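Asks: In this note's numbering, the protein residues as written are 24 to 257.
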Amino acid sequence: MTSSSPVTITPAGILLGARLSLTIIPGSVALGSVFGMVAAQKGLTLLETVMMQSFVFAGASQFVAMEVYRDPLNWGLVLAMTGVVAAVNMRMLLVGASLRPWLGGQPAWQVYPTLFFLTDINWLLAMRHHQDGHRDWGVLFGSGLMIWVVWSLAVLPGYFFGALIEDPQAWGLDVVLPAFFAALLVPLWKGKRQTLGWIIAGAVATLTWELLGGYWGVLTGAVAGAVAGAYFHD
Numbered sequence: 024m025t026s027s028s029p030v031t032i033t034p035a036g037i038l039l040g041a042r043l044s045l046t047i048i049p050g051s052v053a054l055g056s057v058f059g060m061v062a063a064q065k066g067l068t069l070l071e072t073v074m075m076q077s078f079v080f081a082g083a084s085q086f087v088a089m090e091v092y093r094d095p096l097n098w099g100l101v102l103a104m105t106g107v108v109a110a111v112n113m114r115m116l117l118v119g120a121s122l123r124p125w126l127g128g129q130p131a132w133q134v135y136p137t138l139f140f141l142t143d144i145n146w147l148l149a150m151r152h153h154q155d156g157h158r159d160w161g162v163l164f165g166s167g168l169m170i171w172v173v174w175s176l177a178v179l180p181g182y183f184f185g186a187l188i189e190d191p192q193a194w195g196l197d198v199v200l201p202a203f204f205a206a207l208l209v210p211l212w213k214g215k216r217q218t219l220g221w222i223i224a225g226a227v228a229t230l231t232w233e234l235l236g237g238y239w240g241v242l243t244g245a246v247a248g249a250v251a252g253a254y255f256h257d
């Protein structure tokens, strides 16, 4: 398939996306299990944990929400959790915008359900597929669907065994999330010019955390990195 091929979605593309996502399944299982453990220790029921895992479907923001969560839950906590989840997921606005040139002409009834399965991982897989000249966006849907299924099930072992681990830090489980996202940067690196944008984003996020605390650094770092990237790439 060449770069002039029409944009389409096919069963072959969906299967290809599912197959490409197999390489990151172990990491998704590990991260999902850690969330199940955190949710169990916070006192969530199994049903609440599975529903959050499946319907929120946003790894980093789920962990942040659990840091804010307290029992009993009240409207103030609900608003706080909603706010931090929105801040962490703000990056998905940029991720979604990058898909516009590829999916902009496709039927809304096909595209919008696919966007529910949009994650950093399957976006990366799909965009690399697109940059190679392919136009079958079944890769985006298939990889996202596979990750969602695995992610939804991975919470179960962590939930049931979480009660046996009193201190996650003693097992090094607190580094799973940052290590997971650090690994995402490796295939995205394209040169020194891009690295400068990353450094600016990290510096702004760190400074914001030092000055304001909380999770505002996620938003300010993302905006600073986006502006720097746009500037350095003309």
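All C-beta atoms, glycine included, are put in the ideal place defined by N, C-alpha and C. Bear in mind the structure is a predicted one, so any value in this text is a computation, not a measurement.
How far does the alpha helix (DSSP H) with R114 in it extend, from its first residue to its last?
Replies: Element bounds for R114: R114 to S121.
Asks: Just tell me which of S56, H157, T31 and S44 has its CA closest to the CA of M169.
Replies: Comparing Cα positions, the closest option is S44.
Asks: Grouping DSSP H, G and I as helix and E and B as strand, with all else coil, what is T33?
Replies: T33 falls in the coil class under three-state DSSP.
Asks: From L116 to A245, what does the alpha carbon distance come to, in whole angstroms?
Replies: For L116 and A245, the distance between alpha carbons rounds to 11 Å.
Asks: Could you give the distance in angstroms between the alpha-carbon of V162 and the alpha-carbon of P95?
Replies: Near 42 Å, if we compare the C-alpha coordinates of P95 and V162.
Asks: Does the Cβ-Cβ distance between Q76 and V178 come in under 8 Å?
Replies: Yes, the Cβ-Cβ distance between Q76 and V178 is below 8 Å.
Asks: Is the region 81 to 93 touching the region 106 to 113, taking contact as three or more C-beta pairs under 8 Å?
Replies: They touch, by the three-pair rule.
Asks: Start and end of the alpha helix (DSSP H) containing V250?
Replies: Run containing V250: W239 to F255, per the alpha helix (DSSP H) assignment.
Asks: What's the C-alpha gap between F164 and G40?
Replies: Their Cα atoms are separated by approximately 7 Å.
Asks: Within 10 angstroms of the Cβ of D155, are there 16 or more other Cβ atoms? Answer buried if so, exposed if not.
Replies: Answer is exposed; the Cβ neighbour count stays below 16.
Asks: Could you check where the alpha helix (DSSP H) with Y182 kicks off and where it finishes?
Replies: Element bounds for Y182: G161 to F184.
Asks: Leaving out the 5 sequence neighbours to the left and right, which residues in its chain are closer than 6 Å to M104 when beta-carbon positions are compared?
Replies: Counting only Cβ-Cβ distances below 6 Å, and skipping sequence neighbours, we find A88 and V91.
Asks: Identify, in the order they occur along the chain, each residue of the same chain with its Cβ nearer than 6 Å to the Cβ of V241, setting aside the five sequence neighbours on each side.
Replies: Excluding sequence neighbours, V241 sits near A110 and V111.
Asks: Relative to the C-alpha of A253, which candidate in V73, S121, L235 and F184 has its C-alpha closest?
Replies: Looking at the Cα atoms, S121 is the closest of the given residues.
Asks: What is the rounded straight-line gap between the Cα of D143 and the Cα of I48?
Replies: When rounded, the distance between both Cα atoms is 14 Å.
Asks: Taking its Cβ as the centre, do 16 or more other Cβ atoms sit within 10 Å of S26, making it buried, or is it exposed?
Replies: At S26 the pLDDT is 46, less than 50, meaning the model places this residue with poor confidence; the figure from the coordinates comes in the next sentence. It counts as exposed.
Asks: Straight-line CA distance for G99 to V118?
Replies: About 30 Å.
Asks: Please state the DSSP three-state secondary structure of V79.
Replies: The answer is coil: DSSP assigns V79 none of H, G, I, E or B.
Asks: Apply the 10 Å Cβ neighbour rule to Y182 and answer buried if 16 or more other Cβ atoms are within range, or exposed otherwise.
Replies: Result: buried.
Asks: If you reduce the DSSP assignment to three classes, tell me which class G99 lands in.
Replies: Helix.
Asks: Provide the residue span of the alpha helix (DSSP H) that contains F140, from first to last.
Replies: It is not in any alpha helix (DSSP H) - F140 carries neither H nor E in the DSSP assignment.
Asks: In the DSSP assignment, find the alpha helix (DSSP H) that holds I48 and state where it starts and stops.
Replies: I48 to Q64 is the extent of the alpha helix (DSSP H) around I48.
Asks: CA-CA distance, V73 and T218?
Replies: Computed Cα separation, rounded: 37 Å.
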